Every structure is written in C-alpha cells, then in structure tokens.
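Numbering (the working numbering), first residue to last: 16 to 324.
Just so you know, even glycine gets a beta-carbon here, dropped at the ideal spot from N, CA and C.
Quick caveat, the model's predicted, so the values are computed rather than measured.
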Amino acid sequence: MELFDCIIVGGGPAGLNAAVVLGSSQRKVLLFDTGQYRNRYSHGMHNYLTRDCIDPAEFIEISQKEIFKYGVQLLHKKVVNARKNEEEVFVVKDEEGTLYYSKKMLIATGLTDPLPQVEGFEEMYGKSVFHCPYCDGWEVRNKRLGVYAKNKNGFDLAISLKGWSAHVAIFTDGVKKFKPHEKEELAANDIAVITLPVLKLAGDDGMIEKIIFRDGTDYLLDALFFVNGFAQQCDLAETFDCEMSKQGKVLTNQYQQTKTRGLYVAGDADKDMHFVVVAAAEGAKAAVIINKEIQKEISKQRLANAKPV
Ligand SMILES: Cc1cc2nc3c(=O)[nH]c(=O)nc-3n(C[C@H](O)[C@H](O)[C@H](O)COP(=O)(O)OP(=O)(O)OC[C@H]3O[C@@H](n4cnc5c(N)ncnc54)[C@H](O)[C@@H]3O)c2cc1C
C-alpha cells in the first residue's frame with residue numbers, strides 16, 4: 016500500500032497553495048482535481064497582488080507548474096468517497112473505484128453557484144453578469160448597474176454597489192420581499208426597486224443591454240449582479256460529519272482543522288470570505304499545521320523506537 020503524507024482534494028487556489036507548501040516541505044502529496052474552479056467563467060482575476068486581471072485558467076496553469084517543481088502528484092480525477100480506517104489512515108476513492116491512502120487529508124473542493132433560471136444568465140455570466148462587486152465592480156464603475164434578487168435578499172448587495180456607481184436598481188422578479196425599513200433605506204440611496212416578473216436578459220455577445228419584463232417593458236443596464244446562494248461542490252466534508260454553518264459552509268478552527276483528527280478544510284468550502292487570496296492563504300495555513308503534525312508524529316515514533324540510554 017502506497018501511503019501519502021497528505022491527499023488534497025481540489026486543485027483551486029486553496030489546494031494548490033497547500034500543495035506548494037507541503038511539497039516544498041518534502042512531503043509526499045497527491046492532489047486530485049476536476050478543473051471546475053469557481054472563477055472559471057471570469058474574464059480576469061482581481062484582488063491578488065502581482066496578478067491583476069490574469070485569466071484564471073493561466074493562474075491555475077502557472078500554479079500547477081509550481082507544484083510539479085516540488086514533486087506533488089496531480090490526478091485529474093474526481094474523488095467520490097473518503098473515510099478513515101481503523102489504523103487512522105484516510106482511504107480515498109476515485110471515480111474509477113481506485114483507492115489511495117494518506118496520513119492527512121485536506122478538502123479544498125470549493126463552492127458552486129447556481130444561476131437563476133432566466134434566459135440570458137448563462138450566456139452573460141462572467142462577461143456582464145456577476146455576483147461579486149469586489150471581483151468585477153471596477154470595470155463597470157459608474158455604469159448602469161442592476162441587482163437580480165428573487166430567491167435571496169439583495170438589499171446588502173444593492174447598497175454595496177452604490178460604492179461603484181450612482182446608478183443602481185434592484186429587480187425582484189415578481190417577489191415583494193423588502194421590509195419597510197429596507198424600502199426606506201433603498202429609497203434614501205436612490206435605488207429603484209422593480210418587482211415586475213422578468214422574461215429574459217437581452218444583449219449581444221454576452222454583454223447585457225437590458226432586462227425585459229413579462230409585461231413587455233424593459234430596463235436598460237450595463238451590468239447585472241445577482242444573489243442566488245451557493246452550494247458545496249462536493250459532499251466529502253459532510254460524509255465526515257463536519258460541522259456546517261447555516262449557509263452550508265464547513266466550520267473549522269483558525270488553522271483549518273475540523274473535528275476529525277487529521278482532516279482539514281480550506282478555501283471557499285469553509286466559512287470565510289470568497290477570495291482567491293484568502294483561499295490560497297487558508298491552504299498555506301492548513302499545510303503548515305499538517306506538516307508540523309506529521310513531523311511531531313515521526314518524532315514521537317522515533318522516541319518510542321529509541322533504545323533506552
Ligand atoms: C465569476 C467569478 C469571479 C470571481 N472573481 C474573483 C476575483 O476576481 N478575485 C478573487 O479573489 N476571487 C474571485 N472569485 C472567487 C474565487 O473564484 C474563489 O474565492 C476561489 O476560486 C476559491 O478557491 P478554492 O480553491 O477554495 O476553490 P475553487 O477555485 O472553486 O477550486 C475547487 C477545485 O476543486 C475541484 N473539485 C471539487 N470537487 C472535487 C472532487 N470531488 N474531486 C476532485 N476535485 C474536485 C474543482 O474541480 C475545482 O478545481 C470569483 C468567483 C466567481 C464565481
């Protein structure tokens with residue numbers, strides 16, 4: 016049985032940074048990745064020093080070259096199941112049923128963003144339809160911005176967007192959801208609330224031009240942000256019975272440790288801000304603690320095996 020020091024599931028910024036730290040600490044690391052990193056629809060990444068506007072695919076490509084330098088093995092396979100056996104070894108199963116074994120395990124599988132079921136969203140997502148103003152607000156600053164919020168409350172996002180543009184409207188697609196104090200605050204911030212049922216987003220080549228309502232009227236826009244929740248990209252953390260927040264994020268301690276000994280979660284999957292730099296930092300933190308734990312265990316084993324002096 017080949018025993019890895021650590022198996023990392025998920026090769027986005029969190030998993031890749033953990034792989035670099037562990038690989039350069041001379042640990043034997045196996046990384047699984049299915050290539051569905053969360054910002055793959057984005058035209059350019061922001062908020063990561065020295066990498067402003069980089070194509071996310073290029074960011075991943077550069078990062079993968081770095082992990083190979085430190086001997087990390089990468090498998091482009093999906094992990095379908097993982098458990099811990101009686102010897103405290105993690106047993107990880109890929110989609111073909113092959114088993115892999117490790118002392119420690121890091122889940123860095125990220126989140127997925129369900130798009131509203133409205134014509135136009137899929138085509139325009141990442142080009143003129145976004146959900147994070149910190150990621151995509153700069154390019155559309157001072158333009159006509161909208162917030163689509165049918166299933167979730169878009170109040171906070173609408174108020175926040177006023178930092179990027181004076182022209183903000185919110186669309187609730189047939190739902191009347193705002194409390195009186197929210198309506199007052201939206202009005203005070205000059206944010207139009209439009210409750211008309213939406214037919215579709217219209218535009219050209221992924222660039223939104225307007226929202227068309229079911230009654231035939233429309234509203235001109237340059238960009239549309241939305242809130243529609245998110246979900247874990249895979250249920251590995253749940254199979255280990257990890258504690259989850261109300262929003263469905265894994266709860267860890269400050270070192271990314273879960274309640275299961277040797278199991279860590281980093282990146283968007285756990286409860287913190289959704290930024291590449293945060294995910295990468297969490298991956299690094301987890302890796303340092305994993306490395307320290309492994310070294311301590313080796314040291315203890317040496318002590319146990321040592322002949323009394
Ligand atoms: C449209 C968009 C634009 C964004 N723009 C920015 C930006 O400009 N700046 C910024 O800082 N942040 C941005 N973000 C947020 C950023 O994408 C995330 O914070 C970041 O990707 C989180 O990294 P992660 O490693 O936790 O997860 P991810 O990057 O999502 O990576 C998770 C990886 O795990 C893999 N995986 C999942 N399940 C399995 C499995 N069972 N087996 C094997 N592999 C698996 C996936 O294929 C994926 O590659 C954006 C997000 C979106 C949606």
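Quiz prompt | Test item: CB-CB of Tyr140 and Tyr56 under 7 Å | solution = Position 125 of the sequence shown, counting from 1, holds the residue named residue 140. Position 41 of the sequence shown, counting from 1, holds the residue named residue 56. Tyr140 is a Cβ neighbour of Tyr56, given a cutoff of 7 Å.
Quiz item: Where Ala188 and Trp153 are concerned, what is the direct C-alpha to C-alpha distance, given to the nearest angstrom?
Solution: The count along the sequence shown starts at 1 and reaches residue 188 at position 173. The count along the sequence shown starts at 1 and reaches residue 153 at position 138. Per the sequence presented here, residue 188 reads as Asp, with Ala not at that position. Rounded to whole angstroms, the separation of the alpha carbons of Trp153 and Asp188 is 26 Å.
Practice problem: Can you give me the Cβ contacts of Trp179 inside the same chain, cut-off strictly under 8 Å, excluding the 5 residues immediately before and after it? | Solution: On the sequence shown, residue 179 is found 164 positions in, with the first residue counted as 1. Cβ within range, chain order: Pro148, Gly152, Trp153, Val155, Arg156, Asn157 and Leu160.
Self-check item: Straight-line Cα distance separating Pro129 from Lys119
Solution: Here residue 119 refers to the residue found at position 104 of the sequence shown. Here residue 129 refers to the residue found at position 114 of the sequence shown. Straight-line Cα distance between these residues: approximately 31 Å.
Quiz item: Which term fits Gly244, buried or exposed, when burial requires 16 or more other beta carbons within 10 angstroms of its beta carbon?
Solution: Residue 244 sits at position 229 when you count from the first residue of the sequence shown. With fewer than 16 neighbouring CB atoms inside 10 Å of its own CB, Gly244 falls in the exposed class.
Practice problem: Answer yes or no: do Val280 and Ala246 have a C-beta to C-beta separation smaller than 7 Å? | Solution: Along the sequence shown, read from residue 1 onward, the residue named residue 280 stands at position 265. Along the sequence shown, read from residue 1 onward, the residue named residue 246 stands at position 231. It is not a contact, given that the beta carbons lie outside the stated cut-off.
Quiz item: Do the CB positions of Val87 and Leu126 come within less than 7 Å of each other?
Solution: Taking the first residue of the sequence shown as 1, we reach residue 87 at position 72. Taking the first residue of the sequence shown as 1, we reach residue 126 at position 111. Using a Cβ distance threshold of 7 Å, Val87 and Leu126 do not count as a contacting pair.
Quiz item: How many Å lie between Lys198 and Asp171 at the Cα?
Solution: The sequence position of residue 198 within the sequence shown is 183, counting from 1. The sequence position of residue 171 within the sequence shown is 156, counting from 1. Rounded to the nearest whole angstrom, the C-alpha separation of Lys198 and Asp171 is 12 Å.
Quiz item: Going straight from the alpha carbon of Cys21 to that of Phe74, what length do you get?
Solution: As a working mapping, residue 21 is identified with position 6 in the sequence shown. As a working mapping, residue 74 is identified with position 59 in the sequence shown. Going by the C-alpha atoms only, they are around 23 Å apart.
Quiz prompt | Residues bridged to Ala97 (per DSSP) | solution = To locate residue 97, count along the sequence shown from 1; it is residue 82. The partner list for Ala97 (beta bridge, DSSP) reads Val107.
Quiz item: Looking at the structure shown, is Cys150 part of a helix, part of a strand, or coil, going by DSSP?
Solution: To locate residue 150, count along the sequence shown from 1; it is residue 135. Correct three-state label for Cys150: helix.
Quiz item: DSSP on Lys198, reduced to helix/strand/coil?
Solution: Position 183 of the sequence shown, counting from 1, holds the residue named residue 198. In this structure, Lys198 counts as helix in the three-state DSSP scheme.
Quiz item: Quick one, which of Asp48, Thr65, Ser314 and Pro71 has its alpha-carbon nearest Ala59's?
Solution: Along the sequence shown, one-based indexing puts residue 59 at 44. It is worth fixing the name first, because residue 59 is Gly in this sequence and not Ala. Nearest C-alpha to Gly59: Pro71.
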